[in-house]
Structures are given as C-alpha cells and as structure tokens.
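Asks:
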Amino acid sequence: MNRRLPFLFIIFVFIFSLFGISQSISKTNFSGVVGSGARAFGMGGAFIAVADDATAASWNPGGLGQLENVEFSFVMQNHTYNSIFPAKSSIDNYFFGPQDFSGNSFSFDFASATFPFRIGDFKLVPQISYQRNVNFNTNSTLNNVIYRNRYSEPISRKIVDFQGTFTYSDSFSGGFDMMSFSLGTKIFRGVNIGFSTNIWMNGSSGTQEYYIKGTRTYTDTLVKQSVDVEYEVEKSFDISGVNFNGGILLEILENLKLGAVYKSSFAADLEYDNLAKGDALTGVFADIPGREIRYSGKTTLEWPDTWGAGLSFAPIDTLTFSMDYTRTNWSAAIMRNFYNAETDETAIDVYFPTMKNVTSEDKSKQLDTEQIRFGMEYVYISEDILIPFRLGMFSDSQYYKDASGEKITFIGLTGGLGIKWGPVAVDFAIMFESGSYLESNTSYAATDFSEIKLFLSTIFSL
Amino acid sequence: MKFKQFISFLLLALIGLNSNIFADKWYNYYEKALKSVEDQNWSEAIGYLQEALNEKPEPDLEAKTTGLRFKKYTPYYYLGLAYYKQGKCKEAAGAFKKSLDYGVVKNIRELYSSLEKMASDCEKRLAASEQEQPSLNKPVDSKNAGLIDEYISNGDSQYSDEKYSDALYAFKLAKDLIEKTGERTSELPSVKVKIEKIGQKIRTQNSLDRAEKMDRDGKYQEAIAEVRKILEYDSGNTEARRLIEIFENHQKNKTDSEKSRIASEQPVQTITGKEDFNKLIEDGRKLFNDGDYAKARAKLNAALQIKEGNPEALKLLKTIDYSKSVDDINIAVNHYFNGRIKECKSVLASSIKTLSTMPEYKEKLITAYTFMAAALIDEHFLDGRTTKELPGEALKQIEKIYKMKPDFELEKKYFSPKVKIFFDRAKKKT
C-alpha cells in the first residue's frame, strides 16, 4: 500500500553508504501503486470489482462502464510514517543506536472528471484524471542516534575509535504524477471494459541535512579530536513515460461482480540532479566529498507491470463485500545507467534492495510483491442522506527479503466513513499498516514499521 | 508484446462487438419510464416499466443503482398509473394490488395516497361496468374502454387549452365509440354535456366574429342583432353585452352626424324663427350639455344670425367643435385598437380638420395625428407591403407632430413595433 518512491529510498541508502553506515538505516516499506479515493481505501483497497465511482479508472478502468452520471472527484491524503529500528552492533568495533525514523506529509492525491454519454444505446464513459502515483512529500527526522565505530584510517593505517551522535532530517515535495485518459464501455450485457493511457510526469525536489557530532580517539596515542560536521544535499529528479491500463468488470449476477486489471510495465526516463554541500573531513569521514559537488544525469527506470483481480458481492443493496489480489513484478524493476557519484567511471544498473552492481545474487533478493485486500461497505440511508461505513484489511508483501532471507509481509487495517447528500459525497478513510522484520544480522531485534494514512475525498455527481 | 495483444483485444471488443447485444440495466429502463410518465407518454412508460420489471421484479425502497446511488423503485405503482391514465382499470387495479402487496409504496406517502385514490376510482369504475353489462355477458373490450378514456382525456386537455374545435372532435369520437360499443356508458351524459357546452362556445365565438365584421362595415344594426342572438341562449354573456353597447354607440354617432348634416343644410330661419337671441343661446348650451352637438350647433348658428359675431355664441360653438373632436378621437382610438383602421382614419380626419383651427388645443391635435399616423402605418403593412420606406402620408402626420412638439415621445406601450420604428425613423429624419 505504501507508495514511497524507490528512488528516494535509493538516495537514502546511497547517502548513508557514503558515511559507511549503509547497513544502519533500513530499507523502507514500498510495494506498489494502487488506486485512489477514501471510499476505496476505507474498504481496504479491495475495489477492483467495485470501481463504480469517479475514482474507478485508478483501480480498474473496466469499472467505468458502470457510471451513468457526470462525476467529479478530488482526493487529498495525509501520510504519517514511523520506523523504529533497533540498535545494531558487530563484535567490538561497531554500534549504531536505535533509531526512531518518522515523518509526515499532506498532499494532493487524485482528481478526475467523468462524462458518460450515449450514442443510441451504446454508452461510452470517458474519464480524465490526475493522480499522484508516488508521493514524495516528506518531512522526516532522525535525532541523535548513538554511533560508535572502530576502524583503520585509510592512509596512516592507525586504528581510530569514533564515538558520537548522528542527526538527520529531510524535506521533499512533489511526486510522480500521472495524467490519465480513460475510456470505459459496456460491450455485452454485464461485461464492462475500459482502458487508460497514463502519462507520467513531474518528480520531486528537496534537501537532506546531516549532522554528526562526536570524538575520535587514536588508540595508539589516545589523542582525541572533536568532530562537528554539517552536511547538506539538494536533490531533484523528474520522470517521464507512458504506460497503459486495461480492465474488465463482469457482472455475473446483479449482486456479484468479478474484475481484473492489468497495468503495463514501461521504461521511464528519469533525470536527476544532486548538489552536495558541507564540511570537508578527514579521518573517519575522509571519504565524504568536498564542499560542493554536483552530479546529474539521465537514467532509465524500468517500472514493473501489475495485474490484479477482484470479487465483490452485495447480499443486500446496502451491504457490499469485496476482495482483491494484486501482484506487481518488482523483481524485474531496475534502474539502468545510474551514476552513484561523479567519481563513478561507469554507470551501473541498480536493483532496489541492493544498490550494487547487478549480480544474480543481488537480483534474487528482489521480490515480486503481492497484496490481498478485503473490504466491506454498509450504507445507512436516512431520508435523502446516505451514511456509508467501511472496513477493510490487507496483507502487503515487500519487494525485499529480511536478513534471514524470508519474505516480509506487512498487515494493514482500514476504516472509513462518509456522507452523501444530493450530488455531493464526502468520504474519509484511515489506513494503518504495520509490520516487523529482521533488518540485519547485526540487529539486536526486529525493526518495527508503522504508517497511518488519512484520505479525504469529495465526489460531485450531476 | 503481451500488452499489445491485450490492448488489441480491448479495441476489438470495443469496436467489433459493439452491436445491439448490450442491454440496459433495470435502473436505465426505470429512468426512461419515469421520463415517459412525466411526458404522459403512457404506452412508452408501460414498455419501459415492463423491461425494468424483467430485470428487477421486486420493488425496493432503496434499490442500489451505481456507486452510492439508491433509488426508490416502485415499478408497479407507475405501471398502475400508466394503465389508469389509459383507462385500463382492470390492468391498473392489478398493478396497484401488486404494488400494495410488496408494500414498498406504503412508505412513500405521496405515491401511496395517489395510489389509493386511483385504486378506489378503478374499483368504482369496474363495479359500474359489471353492473351495466352482467346480463348481456358481454366481454369487456379493454381496448375500446381505453380508447374512450383516451378521447375524453384528450378532449379535456384540448378544452383547457381553449382548442375548442379539437376538443369537440375528441368528445364526439368518444360519444360515437360509447354508443357503438356500449362501453363506458357512465361517461356518456358528461360527454354529451361537454359537446353541447363546446358547441355553444364555438357558436358564440362565430357570432361575435361576424358581428364585429358587420360593425367594421358600418352595419351596426345587423351587428347588434347578431350579438343579441347570443344573449338568447347565453343571457349572462358579458362580452356580448359589451359589444352591443359599443355597436349602439357607433349607431348613435352615425345618426347624430347624419342629423347634423341635415340640420346644417336647412335654412337658419326655419330653426330660429321668432325666437330671441338669449333663448337660442340658452337652448344651445343646454343641448350641448346633453351631448346633442348637432342641435346645439344649429341653435347657436341661429343666434349668430341675430347677433353676428357674438363672442358668447362663437365661444360656445368652438367648445362644441372641440368636444365633438375629442369624442371623435376617442371613437377613433376605439376603432384603432379594434383593428378598424378605415373607420379610425375617417373619424380622425374630421377631428384633425376641426382641431387644426384651434392652436390652443395642440395636445389633442397631436394625439389625433399620432393615431392617424399609426393607422396609416398599420394599413400600409396590412396591405401586405414589405417596403422599409415609411408611407408618405404617415410621414406627413409624424412631421407635423414633431414640428408642433419637437420633444414628442410616443407612448410605445400602445403601438406595434413597426409604428415605434417608423416614429423613430421619422423623428431622425425630421
């Protein structure tokens, strides 16, 4: 369910690797892109076989054929996330303290306009939508993490003990947005199909700040030096590309529907630019670049394809149950010709979990993701006012393995409430997702991840 | 490649398979049916309702359509309504019964009360129908009964739209069918009354039209006689009474002017004789006050023969002329607004002639010129001419107006757009 950017993750890991602490900050939760709208998320995201409102195309364009009225939608999202990483240590010479990594963002999520019309008996339902497919709006912090390390200085070969704290913060805005042109229709009795052309655009820009404070001690002379370093990286990146979605929705019975959707893979062009500014260091941080270093380039991001299927059943008109299964081919996702740094002589292909040159071993660590989603919606009707209540849950497998090689799966719970009065529907949904996994063999305990997303949708129909 | 195949499938499905094999959902049919009900297209409504019922046979207080949309689904109520409006009471009663059996309609107050009324009416009609024909064992042909009701309903509708000929035709059809089939005989008396009532309305209208034409032609007596025929069978007809009054005035004016003409041709001596001057003046004033302008004028002229140039007699004569002109203008205006352009012109001509000699009564003269010009313009176009040029004679009248009163403003609310346009043009030209 988490739509955190893999690229952002890459950048995180990359930056930390510069500090020699790449094992310390864990991989973040990222699985795949699904649809949008508070109604759907209130139902656990099990919406492929429902898809009967203005957010239909984002879940299953096949559902568009069900729409009868002109509809407009607008969705906002608030995202609060938190990962508690346990301390990690290797024997004697390394310790990275527990980290409470948290952040928050509030951003636009989705807007659409749908205009059903008929040519004779033949109904066509075009929809234009704009979706923030991957949200980069983040404001994250990591405060005063205890960091100890014993290492050999590169030139003098002297053994040095470093002891201090590490503080991190970032602020990013923007996202991978998608302008979609969709068309749905009913081709047979009870058979709806639809497809979308998605134009991916935009990206993100922001700043990361690092602050390291401590003391290093030469073990032979016991000479101590204080370390007080600030370091800042300005980043921006933009994506462009086109992919297609196709879907079908079968009305098996009046109250039983089956849906299926396919979202194509595509090769997106990605432009990136990094400007690093900070204090030049020697010794323990000798590998930190100089005061101002810029590197930029173009790369290709091979985005994976997704397919999904769903079932919905309404035992009575006011009660609907739904279930979805979605699989995204993340094992094939790769970033081509990526330069880690200006000093790199050749570009590399990067798999998301490894951030290293492609090897069969690394590729094997990257997994396809699967989601199984369940949801229900009950509508209480009072005169002209409708009040829907929604519940849902889902399992969300991750694209990387844990330290023991096991597949990682998070569990999510959702709830929602809405009100529809005349042509206006306002829906609210809350989604809580959590999980834990052994991030590293050097970790003292499992990493606990949790996030809360809030969605607020407005749908206006004529 | 896999994706291309998928897209190809979707496109093929969209383009190739798009024929008449898709069918609407129950709510599509139901929407259409409600629209037909709104348009009072009962046969179409029945068709759509039956399609909707095929899809969804059970009524529902909150039937889900798409998304978060719920609809009150009461197809049997509307089916009953449509049958009822078609006069098919038996079918309507059946549909109403089903609607009540399901019970949904009971929760919708306005529908329920309407259903109860219609159902009760249907029961009465069916009972009446059974009483009329039980011994004959004549099977009820619901088609005829429906048709009769449709004729009656159509007749009522045409009558309320004041389309009397159409209404009469519809009621006559209903009457013929009732008499021919023996169905809906309970409706026959009321249909006959309606036929009589409409027939009378048509006769009255025809008489009024004829009388007005006679009046325009100056055949006032005949016009009055024509209108009096109406009062013979409709004594309270106010329009007839009003017209008789108008026609009588026209007749009186005609008589007065004839008398005046005869009097003015007679030698003064015969009128005055031995009467003295003062008596003549007094009589003249009295006659003037009584509105007998012709006699008053004769008395005053006689007085002037005794005392030539007497200012009092001359002043009274001028007052009489002015009053006569003002009366004539009023008559002319009445002619104008009743479309009697010729009469209007004729009366105004004499008023203008008189008032032209009285500069102190300029305003009245302007009124006379205004109506004269308007009559000329209307006459010009009534003749079918389409020229955009202002008729010369009318222009002369308007020019005179603006000469007398450059800031003259036409009281536009009384005149046709054409008159307004030509006044504006003439004003610019002047």
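So the sequence lines, in the order shown, correspond to chains S and L. Residues 1 to 462, numbered by the working numbering, are exactly what the first sequence covers, in order. Residues 463 to 892, numbered by the working numbering, are exactly what the second sequence covers, in order. The beta-carbon is built from N, C-alpha and C at its ideal position, and this holds for glycine as well. Only a predicted model underlies this, so the values are computations on that prediction, with no experimental measurement involved.
Quick one: which chain L residues come within Cβ less than 9 Å of Leu456(S)?
Replies: None at all; the shortest Cβ gap to chain L is about 16 Å.
Asks: I need the DSSP call for Glu520(L), collapsed to helix, strand or coil.
Replies: coil
Asks: Consider the Cβ of Leu256(S): report whether some Cβ of chain L lies at a distance smaller than 8 Å.
Replies: Taking a beta-carbon distance threshold of 8 Å, Leu256(S) does not count as an interface residue toward chain L.
Asks: Please state the DSSP three-state secondary structure of Gly246(S).
Replies: Gly246(S): strand per DSSP, three-state reduction.
Asks: What residues from chain S crowd round Ala525(L), counting only those whose CB sits closer than 9 Å?
Replies: Asp317
Asks: Below 8 Å on the Cβ atoms is my guess for Gly42(S) versus Gly415(S); work out the distance and round it to an integer in Å.
Replies: 6 Å
Asks: According to DSSP, Met393(S) sits in a beta bridge with which residue or residues?
Replies: Phe374(S), Leu413(S)
Asks: Kindly identify the DSSP beta-bridge partner or partners of Thr138(S).
Replies: Phe172(S)
Asks: Using only CA atoms, which one of Lys257(S), Phe176(S), Ile128(S) lies nearest to Val191(S)?
Replies: Lys257(S)
Asks: Does the structure place the region 179-195 of chain S close enough to the region 127-135 of chain S that three or more beta carbon pairs sit under 8 Å?
Replies: yes
Asks: For the 8 Å Cβ check, are there 3 or more pairs between the region 258-266 of chain S and the region 73-80 of chain S?
Replies: no
Asks: Give me the Cα-Cα distance between Leu872(L) and Gly698(L), rounded to the nearest whole angstrom.
Replies: Straight-line Cα distance between these residues: approximately 39 Å.
Asks: Given that a residue counts as buried once 16 or more other Cβ atoms are within 10 Å of its Cβ, and exposed if not, what is Asp463(S)?
Replies: As shown, chain S starts at 1 and ends at 462. That puts residue 463(S) outside it, with no answer to give.
Asks: With a threshold of 8 Å between beta-carbons, can Thr536(L) be considered close to chain S, or not?
Replies: Interface with chain S (8 Å Cβ-Cβ cutoff): Thr536(L) is excluded.
Asks: Using a Cβ-Cβ distance under 8 Å, would Leu301(S) count as near chain L?
Replies: Closer than 8 Å: no.
Asks: Taking the Cβ atom as the reference point for each residue, do Ala525(L) and Leu511(L) lie within a distance shorter than 8 Å?
Replies: In this structure, Ala525(L) keeps its C-beta atom at 8 Å or more from the C-beta atom of Leu511(L).
Asks: Which of helix, strand or coil does DSSP assign to Ser582(L)?
Replies: helix
Asks: Please confirm if the region 201-211 of chain S is in contact with the region 166-178 of chain S, defined as three or more CB-CB distances below 8 Å between the two stretches.
Replies: yes
Asks: Might you give, ordered along the chain, the residues of its own chain that have their beta carbon closer than 6 Å to the beta carbon of Ser461(S), omitting 5 neighbours on each side?
Replies: Asn69, Glu71, Pro423
Asks: Looking at the secondary structure, which residues open and close the beta strand (DSSP E) in which Thr326(S) lies?
Replies: It spans 319-328 - the beta strand (DSSP E) in which Thr326(S) sits, taken as one unbroken run.
Asks: For Thr221(S), name the three-state secondary structure that DSSP assigns.
Replies: coil
Asks: Indicate whether at least one CB of chain S lies closer than 8 Å to the CB of Gly565(L).
Replies: no
Asks: Within the 8 Å Cβ cut-off, does Ala425(S) reach chain L?
Replies: yes
Asks: Enumerate in chain order the residues of its own chain whose CB-to-CB distance from Leu779(L) is below 6 Å, with the five nearest sequence positions on each side excluded.
Replies: Once the five neighbours on either side are set aside, the close Cβ partners of Leu779(L) are Leu762.
Asks: Using a 10 Å radius around the Cβ and a threshold of 16 neighbouring Cβ atoms, would you call Leu253(S) buried or exposed?
Replies: exposed
Asks: Between the C-alpha atoms of Ser722(L) and Leu766(L), what's the straight-line distance to the nearest angstrom?
Replies: 17 Å
Asks: Pull up the DSSP beta-bridge partners for Pro423(S), would you.
Replies: Answer is none; Pro423(S) lacks a bridge partner.
Asks: Can you pull the chain S neighbours of Gly529(L), defined as C-beta to C-beta under 7 Å?
Replies: Asp52, Asp53
Asks: With a threshold of 6 Å on Cβ separation, who are the neighbours of Ser196(S) within its own chain once the five nearest residues in sequence on each side are excluded?
Replies: Hits under 6 Å: Ala57, Pro61, Ser180, Ser182, Asn245.
Asks: Using three-state DSSP, classify Val795(L) as helix, strand or coil.
Replies: helix
Asks: Are any of the Cβ atoms in chain L nearer than 8 Å to that of Val379(S)?
Replies: yes
Asks: Residues of chain S with CB closer than 7 Å to the CB of Phe633(L), please, in chain order.
Replies: Residues of chain S passing the Cβ test: none, with the nearest at roughly 40 Å.
Asks: Answer with yes or no whether the minimum CB distance from Leu67(S) to chain L is below 8 Å.
Replies: Yes, its Cβ sits closer than 8 Å to a Cβ of chain L.
Asks: Please confirm whether any heavy atom of the ligand HEM lies closer than 7 Å to the CB of Ser878(L).
Replies: Because no ligand of any kind appears in the structure shown, any question about the ligand HEM cannot be addressed here.
Asks: Would you mind telling me which residues of chain S sit closer than 9 Å to Phe532(L), beta carbon to beta carbon, in chain order?
Replies: Asp317, Thr318, Val379, Ile381, Leu386
Asks: Determine the closest residue to Ala555(L) out of Val567(L), Asn569(L), Tyr538(L), with distance taken between C-alpha atoms.
Replies: Tyr538(L)
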